[in-house]
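*Asks:*
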Amino acid sequence: MRINIEESAGLIIDIQEKLFPHIADHDQLAVNTGILIEGLKILEVPIVVTEQYVKGLGSTIPSISTLLKENKAFEKMSFSCCDEFSFSKELEQLNKKYIIIAGIESHVCVLQTAIDLMKKGYQAVVIEDCVSSRRINDKNISIARMRQEGVIISTYESILFELTKVSGNEKFKAISKLVK
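In this note's numbering, the protein residues as written are 4 to 183.
So this is what it looks like as structure tokens:
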């Protein structure tokens, strides 16, 4: 199944200040997620942002929040984004099939959200190089579990070119510049 741009939305889960420094490969995660976000914006894919328990974990890290300044972050207490009414309502209103996911932690909020999205009839697409956990083994096991649950696993470069579909236009040129 090909993922098409008209039916896609992005989801950035809980990339927050107090947890982020403890995440495996966090510097690369920030770079990769930034590229994904910029690419989705070039392609005009709507993006939803969540933050887990802001009082305890802080806000979205500055490098990501700067890219998403026009996006309201949905605060949540539950691990799965789908357990938050305002988030679920937002997804309903977007009316998209494919939910392209980046964020932390892979084995908690990302995993539970991806599974719940699938149960609700969405197709979760987890961007492997834009998710992580404190321990790399937790990330690896969660990726395997999500794959078993029918979640599509991709990379930021692959998904951006899949959404772009063709070369030779301005959006392709902008995406190509981003991933180089």
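All residues carry an ideal CB built from backbone N, CA and C; glycine is no exception.
Start and end of the beta strand (DSSP E) containing Asp132?
*Replies:* Counting along the chain, the beta strand (DSSP E) containing Asp132 begins and ends at Gln126 to Ser135.
*Asks:* Taking just the CA atoms, how far does Val169 sit from Gly106?
*Replies:* Each residue's Cα considered, the two are about 28 Å apart.
*Asks:* What are the partner residues of Phe77, as DSSP defines its beta bridges?
*Replies:* BP columns for Phe77 point to Thr53.
*Asks:* Excluding the five sequence neighbours on either side, which residues of its own chain have a C-beta within less than 6 Å of the C-beta of Val154, listed in chain order?
*Replies:* Cβ neighbours of Val154 beyond the five flanking positions: Ala117, Ala127 and Val129.
*Asks:* Around the Cβ of Ser136, are there at least 16 other Cβ atoms within 10 angstroms (buried) or fewer (exposed)?
*Replies:* Buried, because 16 or more other Cβ atoms sit within 10 Å of the Cβ of Ser136.
*Asks:* Whole-angstrom Cβ separation of Lys123 and Cys85, contact assumed at under 8 Å?
*Replies:* Confirmed, Cβ separation roughly 6 Å.
*Asks:* Between the beta-carbon of Gly61 and the beta-carbon of Gln19, is there less than 7 Å?
*Replies:* Cβ distance < 7 Å, so Gly61 and Gln19 count as in contact.
*Asks:* May I ask which residues mark the beginning and end of the alpha helix (DSSP H) holding Ser109?
*Replies:* Unbroken run through Ser109: none, as it is neither H nor E.
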